[in-house]
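Novice:
Protein chains: 4
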Amino acid sequence: MRAATWHGPRDVRVEEKEEPTLASDRDAIVRVTTASICGTDLHVYRGELTVVPGTVLGHEFMGVVERVGSGVRRFREGDRVIVSAWVADGECWFCRRQLFTQCESVNIFGMGPAYGESLDGAFAELVRVPNADVTLIRAPEGVPDERLVFIGDGLATGFDAVANAGLSPGVVVAVVGSGPIGLMSGMCALLFGASEVLMVDVSEERLKFAESLGFRTVNASRADPVEEVRLMTDGRGADVVIEAVGRTVEPLMTAIQMVRRKGTVSVVGFHLHEYGVQMGQLWLTEKKLVFSIGDPIRNGERLIRLVSEGRLDPSRLVTHRLPLEEVPRGFELFERKEALKVLVEVSRGA
Amino acid sequence: MRAATWHGPRDVRVEEKEEPTLASDRDAIVRVTTASICGTDLHVYRGELTVVPGTVLGHEFMGVVERVGSGVRRFREGDRVIVSAWVADGECWFCRRQLFTQCESVNIFGMGPAYGESLDGAFAELVRVPNADVTLIRAPEGVPDERLVFIGDGLATGFDAVANAGLSPGVVVAVVGSGPIGLMSGMCALLFGASEVLMVDVSEERLKFAESLGFRTVNASRADPVEEVRLMTDGRGADVVIEAVGRTVEPLMTAIQMVRRKGTVSVVGFHLHEYGVQMGQLWLTEKKLVFSIGDPIRNGERLIRLVSEGRLDPSRLVTHRLPLEEVPRGFELFERKEALKVLVEVSRGA
Amino acid sequence: MRAATWHGPRDVRVEEKEEPTLASDRDAIVRVTTASICGTDLHVYRGELTVVPGTVLGHEFMGVVERVGSGVRRFREGDRVIVSAWVADGECWFCRRQLFTQCESVNIFGMGPAYGESLDGAFAELVRVPNADVTLIRAPEGVPDERLVFIGDGLATGFDAVANAGLSPGVVVAVVGSGPIGLMSGMCALLFGASEVLMVDVSEERLKFAESLGFRTVNASRADPVEEVRLMTDGRGADVVIEAVGRTVEPLMTAIQMVRRKGTVSVVGFHLHEYGVQMGQLWLTEKKLVFSIGDPIRNGERLIRLVSEGRLDPSRLVTHRLPLEEVPRGFELFERKEALKVLVEVSRGA
Amino acid sequence: MRAATWHGPRDVRVEEKEEPTLASDRDAIVRVTTASICGTDLHVYRGELTVVPGTVLGHEFMGVVERVGSGVRRFREGDRVIVSAWVADGECWFCRRQLFTQCESVNIFGMGPAYGESLDGAFAELVRVPNADVTLIRAPEGVPDERLVFIGDGLATGFDAVANAGLSPGVVVAVVGSGPIGLMSGMCALLFGASEVLMVDVSEERLKFAESLGFRTVNASRADPVEEVRLMTDGRGADVVIEAVGRTVEPLMTAIQMVRRKGTVSVVGFHLHEYGVQMGQLWLTEKKLVFSIGDPIRNGERLIRLVSEGRLDPSRLVTHRLPLEEVPRGFELFERKEALKVLVEVSRGA
């Protein structure tokens, strides 16, 4: 089969690869119809996260069940499915409490060997999916892939960013970073009843796009965004701030300063390092910090209902559609921020 | 001043009435700009609830502060305000826990002497408002009365109907009764993130209107609505059902049958009587029953923010605008269900 | 094997019965060590609920796994287990949301054919347990059966009675009915931080026992219990009232009157019939009604931890210990209210 | 009147001071019966927090109302009261949402001029209390001061430490630091239904005391406490960790490492500085950080009920009782950790 594999920093090749086979009776093989490049893939692309050369990249995808192991009960050949980026066993202490992203045997596609076993990822014709009864989410007919595919990762992350912040209707939300995860978090904040969602970024182009989606915007390269948000909130700051940039301390510090006293900072940006944080200030102002990585297993069915009914439409973020053979170009576009969400159209399904 | 007063069943007269004066240093006098006829007024109009003849009717209104007692701290002459239909003291056991509708000295305008002292109501040029620091809600400039006035009663009730049901995003909500409170509950259900809101009624005209607001509808005169909702939910029933008809047992029974096992029936319909309810069925299916009468004091500021930002627009329910002199005609239209929300335009404000 | 079976109203016989076998690869056979007679069994005993003659009675039990089907993953021979009274499939819409008591294939032991297939129950040497990975709860070593066995039904019910009422620390709880479920609910109310738990009953003997467990008591045969509770709460009523009698409307009405405005009535009493309820009063006072049947699958591990650490000790309710052969006498004692909890000691375990 | 005032680091003098007078019609003058030295006072004592020389120290106290301003409605001369350490106005945006510790005009006794105006504190015969209707909490007769006085600060902090962590029954809680706030947090964790509370400290003496109160203990000077807690929790870590040491990064880091994935660290330690925190680790493990300073206004009545009913007894922490004249010695004992809670017995009350 054809697959896009990693061979070194910025060296992604589409090549022939052996078809996956069932390694356990709980596995399924999924024929990928649509996948998408996620921001986390970029860390792998650049070599910031180590993967085994030859690994198939990608973890945001959906398709059709091709084959199931004898122990799979809920799915069979021909079922249309979204695949959770995170693989969970469904049986451990965490899974029994529906904390699937912290499963004792958690794994993720296309990032190996981040969690032990290296799992080949989404940018391929076929993917082996462990613990299929848990990891697969049944997709409805009649809703196009482009609206469903992000449920397996990005949209679930935006949803958790908001849900974990305990957002209640009528509050003011600011989102630091208007990339794909920031925008999906903003969409979810509106869904949860935020009175206003303020998108904060330094890229005028991204902010214009955010405006076209109906968000109010704050250009942090022109004015102090903390001050701007204060002016919009009678001097208090936003009730909830979602940090969706990651990697360095600055956006996190901005978020902490931007939230009102007793408010919540919800971090979905990808962080690797140790930073100095003003703990004294956090204590005195009783601000909360919550961190989310997005749980498609827990929230998948709920998100499918919301997308199917048109309450959420993440397909509005799609700027590019490429065939599998052009995944390397997709990464280039994405790294240069010329693309927002790149759809990889692998096959036509069943 | 001019005021619409009750003299007997269906005998409402607009007549001269003495201007109210401050009875306590915590009172304010409010010059009414806009009021509205609420479904509960109809019970008074028909004589189903006893009021003292000569009482000024109405409890959904807003205006401008004309005068305040010396003990009023948060408001002064000229302030634009929404008036909570419910008067609370802000100090009792219930108020200290923000359960204002159950205040130990609770009262309501224009329904006297339901709670002891009879308070003249909204359909007048001036209204005396007790406990002004608690009962008044500051209204923003730049947002028209027609979008704000329902915050003082109907919209707060719709909001509580949904909030008390513990609605979380992605659930299916059915609303039994598509009158004003049903429609405002439906709007709030969407605000809280319902994936779908199904309006159930027997009036084709009302259902058409509900459709024009974006709701899916079920005509209960053509098919068994419980069965219809089951078909739309894979046989389960709605996650939350809001009962917004009241008065008889039938709509309540429909709501109880329409909700899925472990779901919640949220009752905002006005009930007076004792009914037989299938307790065995409720126990076995673990359904919840919650009752709400709507708390503008608790949720007023939140609702103002949502209305000001365009997240909620209850003015879409306004079908008639009448001057104070035509309140009697307003009641006639409303009783015949020819009107949905009747605005009474009393004055131009400050 | 030996088993206590039902042959007609008050006709329970201990007799030879064929040993159960695995009917599905998801089944387990459990060797019962300890079982207990539950109030619901009494309805069967008296013939108020129809069971197939020859059915083994009982659904509150624990033991040791004797044999498992090839599809059982979490348990194996020799594991010490508590058995959930409710059997769930773990896969349906309800189970995926952890609403196990409303599973689409729900069943209960020893009450057949209440839910289709008749399942033989607990008062036997061996019991077949369907969906063992879901229905069994791992029991720790070192904690005696008498403290663990009620987790499979009664203690889980008491826990849910309180949890579903949304009890927060510092509130006043009244429990109508000081039988086993009422007492276990009261224990759980203290665990959740109630400032006081008032046990209401008409039996002086039961109230004395309740006092010996540390509860305050109200004798409803001597004074109006609603009035008594009001006097203890500055005239307001209890914040939460748990109705643990069932069968008739009176205890439910008492509970509704006894709870304060905006308070919660949590019903765990077994109800079969339709009753007249003052809906108008409920609406005006915004009281909540919640119903619980107890979910050992959801809360079993949590309860095991609480029991193991001595935070809950339901074994204090055990008044009688009988061998399997004396189950008929246990029923007689229990029906005459001479016993509170009757332990049936079946075997010594592994 | 006599009062203990600050004149420089470790220079506290009991001297004559003019009696306070009403500065506003919302003030009350309270005759102090009992006060207590709180850990935060130590920062002032040592000069780490600057106060105006001559300021009366102390903020944890109760007494009897001596005189009220004309605008005070809920209290009058002779009322027994606990005084909230935090003064709030009851009217601002935060107070209207019951976030009293973040009031826009917040202040604290005896720490001035931390929040603008310097307020004389608790170690005096008389204290002026601003916004008496908000800041005072009515105390019941028949419960001794030593059980009630901590409600005004320390016990409210322990309660919020647990409440803000969202603790549900059956979880494992670890408390880093077994000083007064740690112990009161631990008591509250048991009240909320924790299955176990593990007290972590380096002082064998403090741990022995913690054991005498019924806590399990971990001596961090003898073994790695993170490892110890892991061993007690099947390798997972505690569900909730309360950090009750403050001042440096170490206890906070210990707490973050000690909590399980998706668990909550609740910080009540007093922090002033900026620290490096492993944000990448927090994100990947989705741990929550919440900060609490304790809100007696919000939770005072609830705590009074719990203390009056014997569900909480913070008087067990009292090691010393001194007259007002010996406050300087109290500070010495407290700084040397020879005392846990020092009661200052000022007068006999009304």
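Chains as they are written, first to last, in our numbering: chain A, 1 to 350; chain B, 351 to 700; chain C, 701 to 1050; chain D, 1051 to 1400. All C-beta atoms in this analysis are idealised placements derived from N, C-alpha and C, irrespective of residue type, glycine included. The structure presented is a predicted model; accordingly, all values stated were derived computationally and were not measured.
For V241 of chain A, which residues in the same chain have their Cβ closer than 6 Å to its Cβ, ignoring the five residues on either side in sequence?
Specialist: A174, A255, M258, V259 and V265
Novice: Relative to the C-alpha of P844 of chain C, which residue among C:L799, C:T1019, C:S1015 and C:G1030 is closest?
Specialist: C:S1015
Novice: Name, in chain order, the residues that DSSP records as bridge partners for M899 of chain C.
Specialist: DSSP links M899 of chain C through a beta bridge to C:V875 and C:T917.
Novice: Using a beta-carbon distance below 8 Å, is E196 of chain A in contact with chain C?
Specialist: no
Novice: Are the C-beta of P169 of chain A and some C-beta of chain B separated by less than 8 Å?
Specialist: yes
Novice: Report back the beta-carbon spacing between Y1095 of chain D and R1060 of chain D to the nearest angstrom; my notes put them in contact at under 8 Å.
Specialist: 6 Å
Novice: Can you grab the Cα-Cα spacing for the pair S770 of chain C / H271 of chain A, in whole Å?
Specialist: 43 Å
Novice: Going by DSSP in three states, E715 of chain C sits in which element: helix, strand or coil?
Specialist: strand
Novice: If you count every other CB in all the chains shown that lies within 10 Å of the CB of T50 of chain A, and 16 or more means buried, which is it?
Specialist: With fewer than 16 neighbouring CB atoms inside 10 Å of its own CB, T50 of chain A falls in the exposed class.
Novice: Pull out every residue of the stretch 616-627 of chain B whose Cβ sits closer than 9 Å to any Cβ of chain C, in chain order.
Specialist: Within the stretch 616-627 of chain B, the residues whose Cβ lies closer than 9 Å to some Cβ of chain C are V617, V618, G619, F620, H621, L622, H623, E624, Y625, G626 and V627, listed in chain order.
Novice: What's the call for L469 of chain B, buried or exposed, on a 16-neighbour Cβ count within 10 Å?
Specialist: Looking at its Cβ environment, which holds 16 or more other Cβ atoms inside 10 Å, L469 of chain B is buried.
Novice: Using only CA atoms, which one of D:K1387, D:F1173 and D:T1335 lies nearest to E1255 of chain D?
Specialist: Selected option, being the one with the closest Cα: D:K1387.
Novice: Indicate the three-state DSSP secondary structure (helix, strand or coil) for L119 of chain A in the structure shown.
Specialist: strand
Novice: Residue ranges of each alpha helix (DSSP H) run of no fewer than 4 residues wholly in the stretch 1298-1348 of chain D, ordered along the chain?
Specialist: Correct list: 1299-1308 and 1329-1335.
Novice: Between the stretch 764-781 of chain C and chain A, which residues of the former have CB atoms less than 9 Å from a CB of the latter, in chain order?
Specialist: G771, R773 and R774
Novice: Residues of the stretch 993-1017 of chain C in Cβ contact with chain B at a cutoff of 8 Å, in chain order, please.
Specialist: Here the close residues are I993.
Novice: From A700 of chain B to V414 of chain B, what distance separates their C-alpha atoms?
Specialist: Confidence at A700 of chain B is low in this model, with a pLDDT of 48, below 50, so the placement of that residue should be treated as unreliable; the coordinate-derived value is given next. So the two alpha carbons sit approximately 6 Å from each other.
Novice: May I have the straight-line CA-CA distance separating M253 of chain A from E1336 of chain D, to the nearest angstrom?
Specialist: 18 Å
Novice: So, is the C-beta of V1340 of chain D closer than 8 Å to a C-beta in chain A?
Specialist: yes
Novice: How about Q98 of chain A: is its C-beta nearer than 8 Å to some C-beta of chain C?
Specialist: Cβ-Cβ to chain C under 8 Å: yes for Q98 of chain A.
Novice: What is the DSSP secondary structure of A350 of chain A, reduced to helix, strand or coil?
Specialist: Because A350 of chain A carries a pLDDT of 48, less than 50, the predicted location of this residue cannot be relied on, and the following value inherits that uncertainty. Reduced to three states, the DSSP call for A350 of chain A is coil.
Novice: Is A785 of chain C closer than 8 Å to D833 of chain C when the C-beta atoms are compared?
Specialist: No.
Novice: Measuring straight from C-alpha to C-alpha, what distance separates G1313 of chain D and L407 of chain B?
Specialist: Straight across, the Cα-Cα distance linking G1313 of chain D with L407 of chain B is about 54 Å.
Novice: What separation, rounded to the nearest whole angstrom, lies between the Cα atoms of G879 of chain C and F1259 of chain D?
Specialist: C-alpha of G879 of chain C to C-alpha of F1259 of chain D: approximately 39 Å in a straight line.
Novice: For chain D, is any of its Cβ atoms less than 8 Å away from the one on F892 of chain C?
Specialist: The beta carbon of F892 of chain C falls within 8 Å of a beta carbon belonging to chain D, placing the residue at that interface.
Novice: Can you tell me which of A:P113, A:I293, A:D224 and A:W283 puts its alpha carbon nearest to the alpha carbon of N1214 of chain D?
Specialist: A:W283
Novice: Using C-beta distances below 7 Å, list every residue in its chain close to R1188 of chain D, excluding the 5 sequence neighbours before and after it, in chain order.
Specialist: Cβ neighbours of R1188 of chain D beyond the five flanking positions: D1129 and V1131.
Novice: Got a sec: is the Cβ-Cβ distance from E1154 of chain D to anything in chain E below 8 Å?
Specialist: The structure shown has no chain E; the protein chains it does contain are A, B, C and D.
Novice: Go ahead and pull the three-state DSSP assignment for K1258 of chain D.
Specialist: helix
Novice: Spatial neighbours of G158 of chain A within its chain, please: CB distance less than 7 Å, with the 5 preceding and 5 following residues excluded, ordered by chain position.
Specialist: I181, M184, S185, M187 and C188
Novice: Mind reading off the beta-carbon distance from A1288 of chain D to V1279 of chain D? Whole number of angstroms is fine, and I expect it under 8 Å.
Specialist: That pair is a contact at about 5 Å.
Novice: Select from the stretch 328-344 of chain A all residues with a C-beta closer than 7 Å to any C-beta belonging to chain D, and list them in chain order.
Specialist: Listed by position along the chain: nothing, the set is empty.
Novice: Report yes or no: is there a C-beta of chain C within less than 8 Å of the C-beta of L602 of chain B?
Specialist: yes
Novice: How is M1161 of chain D classed by DSSP in three states: helix, strand or coil?
Specialist: coil
Novice: Run through chain B and tell me which residues come within less than 9 Å of T801 of chain C, C-beta to C-beta.
Specialist: R611, K612 and E636, listed in chain order.
Novice: Please go through the same chain and pick out, in chain order, the residues whose beta-carbon is closer than 6 Å to the beta-carbon of L642 of chain C, but skip the five residues on each side of it.
Specialist: Since the displayed chain C opens at 701 and closes at 1050, residue 642 of chain C lies outside it and no answer follows.
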